[in-house]
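Peer 1:
2 protein chains.
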Amino acid sequence: MAITLFIVDDHYMVVEGIRSLMQAEQGIEWIGHASTAASCLAFLQSRQPDVLLMDINLPDQSGIDLCQQVKTLYPQVFVIGLSTFNQVSFIQKMLDNGASGYLLKNAGSSEIMQAIDTVMHGRQFLSIEAASVVRQSGLAAGQPVLTRREKEVLQLIAEGLTNTEIADRLYISASTVDTHRKNLLQKLQAKNTAALVKIAMDHQML
Amino acid sequence: MAITLFIVDDHYMVVEGIRSLMQAEQGIEWIGHASTAASCLAFLQSRQPDVLLMDINLPDQSGIDLCQQVKTLYPQVFVIGLSTFNQVSFIQKMLDNGASGYLLKNAGSSEIMQAIDTVMHGRQFLSIEAASVVRQSGLAAGQPVLTRREKEVLQLIAEGLTNTEIADRLYISASTVDTHRKNLLQKLQAKNTAALVKIAMDHQML
DNA sequence: CATAAAATCCCTCAAAAGCGGGATGCAGCA
DNA sequence: TGCTGCATCCCGCTTTTGAGGGATTTTATG
Chain C
2 MAITLFIVDD HYMVVEGIRS LMQAEQGIEW IGHASTAASC LAFLQSRQPD VLLMDINLPD
62 QSGIDLCQQV KTLYPQVFVI GLSTFNQVSF IQKMLDNGAS GYLLKNAGSS EIMQAIDTVM
122 HGRQFLSIEA ASVVRQSGLA AGQPVLTRRE KEVLQLIAEG LTNTEIADRL YISASTVDTH
182 RKNLLQKLQA KNTAALVKIA MDHQML
Chain P
2 MAITLFIVDD HYMVVEGIRS LMQAEQGIEW IGHASTAASC LAFLQSRQPD VLLMDINLPD
62 QSGIDLCQQV KTLYPQVFVI GLSTFNQVSF IQKMLDNGAS GYLLKNAGSS EIMQAIDTVM
122 HGRQFLSIEA ASVVRQSGLA AGQPVLTRRE KEVLQLIAEG LTNTEIADRL YISASTVDTH
182 RKNLLQKLQA KNTAALVKIA MDHQML
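Sequences listed follow chains C and P, in order. Take 2 as the starting number for the first sequence in this note's numbering and just add one per residue. Take 2 as the starting number for the second sequence in this note's numbering and just add one per residue.
1) Verify the CB distance criterion: does V15 of chain C have a CB-CB separation below 8 angstroms to chain P?
2) Assuming G18 of chain P contacts V15 of chain C under a Cβ cut-off of 8 angstroms, what Cβ separation, rounded to an integer in Å, is found between them?
3) Please specify which runs of the beta strand (DSSP E), each continuous and at least 3 residues long, are wholly inside the segment 23-47 of chain C, giving them in chain order.
4) Please identify the residue among C:L105, C:V9, C:A25, C:S174 whose C-alpha is closest to the C-alpha of L127 of chain C.
5) Alpha helix (DSSP H) containing I113 of chain P: first to last residue?
6) Excluding five sequence neighbours on each side, which residues of the same chain lie with their C-beta closer than 8 angstroms to the C-beta of D179 of chain P?
7) Less than 8 angstroms between the CB atoms is what I'm expecting for G102 of chain C and A196 of chain P, so what's the real figure, rounded?
8) Give the DSSP bridge partners of G102 of chain P, in chain order.
9) Would you check if the segment 54-74 of chain P and the segment 21-29 of chain P touch, i.e. whether three or more CB-CB distances between them fall below 8 angstroms?
10) State buried or exposed for A3 of chain C, treating a residue as buried only when at least 16 other CB atoms are found within 10 Å of its CB.
11) Under 6 angstroms Cβ to Cβ from L207 of chain C, same chain only, skipping five residues before and after it: list those, please.
12) Which residues of the segment 179-204 of chain P have a Cβ closer than 7 angstroms to any Cβ of chain C? Give them in chain order.
13) Can you tell me where the alpha helix (DSSP H) with T148 of chain C in it begins and where it stops?
14) Residues of the segment 74-88 of chain P in Cβ contact with chain C at a cutoff of 7 angstroms, in chain order, please.
15) Measure from the alpha carbon of P76 of chain P to the alpha carbon of each residue in P:T85, P:P50, P:I57, then state which is nearest.
16) So D56 of chain C is in the alpha helix (DSSP H); what residue range does that whole segment cover?
17) Around the C-beta of V146 of chain C, are 16 or more other C-beta atoms found within 10 angstroms, so that it is buried, or is it exposed?
18) Tell me whether the beta-carbon of E30 of chain P lies closer than 8 angstroms to the beta-carbon of L45 of chain P.
19) Would you check whether the ligand MN has a heavy atom nearer than 7 angstroms to the C-beta of D169 of chain C?
20) Just mark D169 of chain C as buried or exposed, buried being the case when its beta carbon has 16 or more other beta carbons within 10 Å.
21) Could you please give me the residues that DSSP links to T5 of chain P through a beta bridge?
22) Below 7 angstroms between beta carbons is the criterion; list the residues of the segment 105-123 of chain P that meet it against any residue of chain C, in chain order.
23) Can you tell me whether DSSP reads Q187 of chain C as helix, strand or coil?
24) Does any C-beta atom of chain P lie closer than 8 angstroms to the C-beta of H12 of chain C?
25) Quick one: grab the DSSP three-state call for D61 of chain C.
26) Determine the direct distance from the alpha carbon of I92 of chain P to that of V80 of chain P, and round the result to whole angstroms.
27) Can you give me the C-alpha to C-alpha distance between I173 of chain C and D11 of chain C, rounded to a whole angstrom?
28) Pick out whichever of C:L54, C:K188, C:I117, C:A116 has its Cα sitting closest to the Cα of E151 of chain C.
29) Following the continuous alpha helix (DSSP H) through K199 of chain C, name the residue where it begins and the one where it ends.
30) Among C:G28, C:N193, C:Y13, C:L59, which has the Cα closest to the Cα of Q115 of chain C?
31) Can a CB atom of chain P be found closer than 8 angstroms to the CB of A141 of chain C?
32) Can you find a CB in chain C that lies within less than 8 angstroms of the CB of G161 of chain P?
33) Does any residue of chain C bring its CB to less than 8 angstroms from the CB of L22 of chain P?
34) Taking L207 of chain C as the query, report the chain P residues whose CB atoms sit under 7 angstroms from its CB, ordered along the chain.
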């Protein structure tokens, strides 16, 4: 019995690349692809693949959210996240939302096959590069987790507001904003606001 | 005589996708691919394609720079930029550096063929989506152009250095750094440093 | 209900950024 | 030769931040 495979990715070249790579493989049945989260969900209503390769960047909603929806509706489907290298900060979120693995888009056919095989056995698969970056960046230890308020303050800082302006916007005192700011600097290990924004952008927090 | 094609992209799936799409086409000869700027330049020493598809994000250096080098060394090679949709701010730079066209990674084979055909005739080709985004975002009017010094200062600001630290690093006075900082704020229409870094990141300047 | 985490607020003081000027030297160019 | 853009440097003054604290109230959660 062949393993059925479905792909969600809005980049046609990537879809075509995987199809081409998988065509040569025994035991893999390509049952289709979608370029949006909506059309993916529509397809799944009629048929579910064993393994679902899912890009993190989709035009209508993020793969993170789609992953959660899919796993809620069809827990038996194994989801493998797919993205380019600079989006590794999403890996943890993806796994938190039920994904079984993570592939970088420079993976070759053997790595894809290995990923499919691993997740079909109920284990987790990470691209070697992904895994190493996770280790390097300390993501495995959980990337700095910001509270709701801290995220709000961070967002407004990045928009160029000062503490007092942020205070007005959030109906709190400037001192409080300052405290949040200090905590942000500490959590993200930033020397000052400029570095804070840079690091936050690098971690896709903005 | 078939048109020779070479690809630089660090995502194997994309390379494979294009190869698969092009294999079915008449008159296209795939002469190879590279995953880094360095290996691309090495290949070009021995052989030059008619058309060079080039990803903008490469591991060792940006496609923007590579494009300029390639066009300097081999002006007869037509370069077509390749990237995903959120990197459109690079399109103008790519074209400035001598690229003849721009394809988004969700292009299908007909669009790729059309692009190759168009640039081989010496004309410019933009993906419809790319063209529309260029119009929308006013990129065609040219995004703010920074001087060499301003770029250096911007980089160091984003790393969290203060004016005096930057001054030490660049062997200039803190006052000068301050002037560059003022000019950066003005050019990028930023209210303060935080917004400056955010905007710079949005424009892929960092 | 106890406890921890989050959110709130306050203080001081030094350092840095931001604002609004002005000014000089130098290179490329019409 | 005069113009323009770039890079360099300086002044005074205000605002904002960053680095130390300390403290209280809310809100989850076992």
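By construction, the Cβ of each residue, glycine as well, lies at the ideal position given by its N, Cα and C atoms. Just so we're clear, the structure is a prediction, and the values are computed from it rather than from any experiment.
Peer 2: If we stick to the structure as given:
1) Mapped onto the first sequence, residue 15 of chain C falls at position 14. Interface residue, yes.
2) Within the second sequence, residue 18 of chain P is the residue found at index 17, counting from 1. Within the first sequence, residue 15 of chain C is the residue found at index 14, counting from 1. Confirmed, about 6 angstroms.
3) 29-35
4) Here residue 127 of chain C is taken as the residue at index 126 of the first sequence, counted from 1. Comparing Cα-Cα distances from L127 of chain C to each of C:L105, C:V9, C:A25, C:S174, the minimum goes to C:L105.
5) In the second sequence, the residue the question calls residue 113 of chain P occupies position 112. Unbroken alpha helix (DSSP H) run through I113 of chain P: 110-121.
6) As a first step, residue 179 of chain P must be located in the second sequence, where it is residue number 178. Excluding residues within five positions, the ones whose Cβ falls inside 8 angstroms are N164.
7) Taking the first residue of the first sequence as 1, we reach residue 102 of chain C at position 101. Taking the first residue of the second sequence as 1, we reach residue 196 of chain P at position 195. At roughly 38 angstroms, the Cβ-Cβ gap does not stay under 8 angstroms, so G102 of chain C and A196 of chain P are not in contact.
8) On the second sequence, position 101 is the one that residue 102 of chain P refers to. Note: G102 of chain P sits in a beta bridge opposite P:I81, P:F126.
9) no
10) Working through the first sequence from its first residue, we reach residue 3 of chain C at position 2. Exposed is the call here.
11) Along the first sequence, one-based indexing puts residue 207 of chain C at 206. Same-chain partners within the cutoff: A159, A201.
12) A191, K192, N193, T194, A195, A196, V198, K199, M202
13) Taking the first sequence and counting its residues from 1, the one referred to as residue 148 of chain C is at position 147. No alpha helix (DSSP H) contains T148 of chain C, which DSSP labels as neither H nor E.
14) T85
15) For the purposes of this step, residue 76 of chain P is taken as residue 75 along the second sequence, with counting starting at 1. The shortest C-alpha separation from P76 of chain P is found at P:P50.
16) In the first sequence, the residue the question calls residue 56 of chain C occupies position 55. Premise fails: D56 of chain C lies in the beta strand (DSSP E), 52-56, not in any alpha helix (DSSP H).
17) Translated into the one-based positions of the first sequence, residue 146 of chain C becomes position 145. Exposed: under 16 other Cβ atoms inside 10 Å.
18) Counted from its first residue, the second sequence places residue 30 of chain P at position 29. Counted from its first residue, the second sequence places residue 45 of chain P at position 44. Cβ distance not < 8 angstroms, so E30 of chain P and L45 of chain P don't count as in contact.
19) For the structure depicted, the ligand MN is absent and the ligand set is empty, with no information on it obtainable.
20) Numbered from 1 along the first sequence, position 168 holds the residue referred to as residue 169 of chain C. Under this definition D169 of chain C is an exposed residue.
21) By one-based count along the second sequence, residue 5 of chain P stands at place 4. Per DSSP, P:E30.
22) K106, N107, A108, G109
23) Reading the first sequence from its first residue, position 186 is the one you call residue 187 of chain C. It is helical.
24) Locating residue 12 of chain C in the first sequence gives position 11, counting from the first residue. Yes, because at least one Cβ of chain P sits closer than 8 angstroms to the Cβ of H12 of chain C.
25) Here residue 61 of chain C refers to the residue found at position 60 of the first sequence. Here D61 of chain C sits in coil by DSSP.
26) Looking up residue 80 of chain P in the second sequence gives position 79. Looking up residue 92 of chain P in the second sequence gives position 91. Roughly 12 angstroms between the two C-alpha positions.
27) The residue labelled residue 173 of chain C in the question sits at position 172 within the first sequence. The residue labelled residue 11 of chain C in the question sits at position 10 within the first sequence. Each residue's Cα considered, the two are about 42 angstroms apart.
28) In the first sequence, counting from the first residue as 1, residue 151 of chain C sits at position 150. Taking only the C-alpha atoms, the option nearest E151 of chain C is C:K188.
29) Here residue 199 of chain C is taken as the residue at index 198 of the first sequence, counted from 1. 194-203 is the span of the alpha helix (DSSP H), which, as asked, contains K199 of chain C.
30) Taking the first sequence and counting its residues from 1, one reaches residue 115 of chain C at position 114. Nearest of C:G28, C:N193, C:Y13, C:L59 to Q115 of chain C, Cα basis: C:G28.
31) Numbered from 1 along the first sequence, position 140 holds the residue referred to as residue 141 of chain C. For A141 of chain C, the pLDDT reaches just 36, beneath the cut-off of 50, and the residue's location in the model is therefore unreliable, although a value from the coordinates is still provided. Judged by the 8 angstroms Cβ criterion, A141 of chain C is not in contact with chain P.
32) Here residue 161 of chain P corresponds to residue number 160 of the second sequence, with the count starting at 1. Yes, G161 of chain P counts as interfacial toward chain C.
33) Counted from its first residue, the second sequence places residue 22 of chain P at position 21. Yes, contact with chain C.
34) Position 206 of the first sequence, counting from 1, holds the residue named residue 207 of chain C. Simply K199.
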